[in-house]
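FYI, in the working numbering the residues of the sequence shown are 20 to 379. One structure below.
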Amino acid sequence: MNKRLGVLTGGGDAPGLNAVIRAVTRSALRRGWEVIGFLDGYSGLIENRNVVLTRNYISGLLHRGGTVLGSNNRDNPFHYPVRTETGIEYRDMSDQAVANLEKNGIDCLVAIGGDGSLAIAHELAQKGARVIGVPKTIDNDLLATDQTFGFDTAVTTATEALDKLHTTAESHHRVMILELMGRDAGWIALVSGIAGGADVILIPEIPWKLDSVIAKIKERQQEGKYFSIVVVAEGVKDPSGKFVVRQHIPTAHTKIRLGGIGPVLAELIEDASGFECRATVLGHLQRGGSPSASDRVLATRYGVMAAELAMAGQHDLMVCLKGQDIKTVPLDLVARGTRTIPPDGQLVQVARALGISLGD
Ligand code: F6P
């Protein structure tokens, strides 16, 4: 039997997943290996739903958003929902996941995912599976890599939205608030806020005060600027110190789905200052669409390196970006926490030097 790689995409999707799948598959096929793609994240591995990734299957994938393999952020093999006569039961299906790798003759699995999916990959590795991880998330919040693919595209989408909000804000002399994704990290908000010329950027890493936000908007008015642009990350807490939660999901890796701080902030600013405000929640637009050139290249570099490591017999590693180079780190590093923005770091200092208010 030919040597075989497996590939799966786990967690929320991100632009560039297809570029990784393509890069892994092309590298492997050129060396005479076969590639099997498991469908819908870990559920495809547990239920043994898969496809053979041929040259034809991966053709035309480079520029396509999403993932042709499907993904899922509720399918932890160690706590897997199984429908029974009495309802849903959660079972440990990890043995079955590992057995299916064996059954399909997979020498190494390339797991493309965020912190949750890669932590699962490491747990499977401890049960004997041979796994290489590839770091994905628009949030850019994974430890042990300087950048995840998907982030650059999300920032581009957010920046385009800011450009559009600017023109309408200016016409109507309004305060426009844009809520962006990122969970506990403010990377998308800070980077696109700088790129999009925001006046105020609120991120989870820096506590904020309503008075400071209003002071900045007033300062602009005194300068003859009768509109302002406020960017707020979804993980920013409300004035009572609580997350604004859209949904509780006890069974998922991330127990709460954030969303709604933008409209809350709009109401607070309008009530306290009388400025006319409008809020936009950009939501899943940030996850969709064609990957940027930079994400295509990063995803491709990750995919090629992951395939090379896997074919060289390495495992329980994650590929990562360190400076300009693709390197590797132990897979368990990713589960050790979140990479948030250093509040005194260069990027924050740049924003402050420009006169952007961080709300503190
Ligand atoms: O982790 C990526 C992300 O898009 C976060 O920024 C956001 O909080 C979350 O996923 C949304 O998840 P879902 O797709 O389950 O709504």
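Don't be surprised by glycine CBs; every beta carbon is placed ideally from N, CA and C.
By Cβ distance, which residues of its chain are closer than 6 Å to residue 289, with the 5 residues on each side in sequence left out?
-> As a first step, residue 289 must be located in the sequence shown, where it is residue number 270. The answer, listed in chain order, is 296.
Starting from residue 237 and walking both ways along the alpha helix (DSSP H), at which residues does that stretch end?
-> Here residue 237 refers to the residue found at position 218 when the sequence shown is read from its first residue. First-last of the alpha helix (DSSP H) with residue 237: 229-241.
How is residue 121 classed by DSSP in three states: helix, strand or coil?
-> Taking the sequence shown and counting its residues from 1, one reaches residue 121 at position 102. Three-state result, residue 121: helix.
Look up residue 277 in the DSSP assignment and say whether it is helix, strand or coil.
-> Start at 1 with the first residue of the sequence shown, and residue 277 comes out as number 258. Strand at residue 277.
Whole angstroms is fine: what's the gap from residue 165's alpha carbon to residue 135's?
-> Reading the sequence shown from its first residue, position 146 is the one you call residue 165. Reading the sequence shown from its first residue, position 116 is the one you call residue 135. About 18 Å.
The stretch 198-212 in contact with the stretch 356-363 per 3-pair CB rule at 8 Å = yes
Return the bridge partner residues of residue 267 from the DSSP annotation.
-> The residue you call residue 267 lines up with position 248 of the sequence shown. Answer by DSSP bridge pairing, in chain order: 275.
Which residues does DSSP pair with residue 344 in a beta bridge?
-> For the purposes of this step, residue 344 is taken as the residue at position 325 of the sequence shown. Paired residue(s): 341.
Is there at least one non-hydrogen atom of the ligand F6P closer than 7 Å to the beta-carbon of residue 157?
-> Mapped onto the sequence shown, residue 157 falls at position 138. For the ligand F6P, at least one heavy atom lies less than 7 Å from the Cβ of residue 157.
Bridge-paired residues (DSSP) for residue 424 | The structure shown does not extend to residue 424, since the chain spans only 20 to 379, so no value can be given for it.
Helix, strand or coil for residue 87, going by three-state DSSP, please let me know.
-> Looking up residue 87 in the sequence shown gives position 68. Correct three-state label for residue 87: coil.
Okay, do the stretch 306-317 and the stretch 278-294 touch, 3+ Cβ pairs below 8 Å being the bar?
-> no
Nearest-angstrom Cα separation, counted from residue 71 out to residue 276 | On the sequence shown, position 257 is the one that residue 276 refers to. On the sequence shown, position 52 is the one that residue 71 refers to. Between residue 276 and residue 71, the C-alpha separation is close to 34 Å.
Looking at the structure shown, is residue 329 part of a helix, part of a strand, or coil, going by DSSP?
-> Against the sequence shown, residue 329 aligns to sequence position 310. Helix, per DSSP.
Is DSSP giving residue 69 helix, strand or coil here?
-> Residue 69 sits at position 50 when you count from the first residue of the sequence shown. Correct three-state label for residue 69: strand.
Own chain partners of residue 317 with C-beta closer than 8 Å, once the 5 adjacent residues on each side are dropped = Translated into positions along the sequence shown, residue 317 becomes position 298. Once the five neighbours on either side are set aside, the close Cβ partners of residue 317 are 35, 166, 168, 171, 340.
Using the C-alpha atoms, what's the distance from residue 162 back to residue 356?
-> Translated into the one-based positions of the sequence shown, residue 356 becomes position 337. Translated into the one-based positions of the sequence shown, residue 162 becomes position 143. Rounded to whole angstroms, residue 356 to residue 162 spans 7 Å at the Cα level.
Separation of residue 79 from residue 226, as counted between CA atoms = Here residue 226 refers to the residue found at position 207 of the sequence shown. Here residue 79 refers to the residue found at position 60 of the sequence shown. The straight-line gap from Cα to Cα measures roughly 45 Å.
Tell me, which residues are paired with residue 220 by DSSP?
-> Position 201 of the sequence shown, counted from the start, is the residue given in the question as residue 220. The partner list for residue 220 (beta bridge, DSSP) reads 250.
For residue 235, count neighbouring C-beta atoms within 10 Å of its own C-beta (all shown protein chains included) and say buried if the count is 16 or more, exposed if not.
-> As a working note, residue 235 is residue 216 in the sequence shown. So residue 235 counts as buried.
Supposed close pair residue 54, residue 47 - CB separation, criterion 8 Å | As a position in the sequence shown, residue 54 is number 35, starting the count at 1. As a position in the sequence shown, residue 47 is number 28, starting the count at 1. Rounded, the Cβ-Cβ distance is 5 Å, consistent with contact.
For the ligand F6P, is there a heavy atom less than 7 Å away from the beta-carbon of residue 60?
-> By one-based count along the sequence shown, residue 60 stands at place 41. No, the Cβ of residue 60 stays beyond 7 Å of every heavy atom of the ligand F6P.
From the DSSP output, in three-state form, read off residue 357 for me.
-> To locate residue 357, count along the sequence shown from 1; it is residue 338. Residue 357 falls in the strand class under three-state DSSP.
Enumerate in chain order the residues of its own chain whose CB-to-CB distance from residue 124 is below 7 Å, with the five nearest sequence positions on each side excluded.
-> Here residue 124 is taken as the residue at index 105 of the sequence shown, counted from 1. Within the same chain, residue 124 has close Cβ partners 20, 23.
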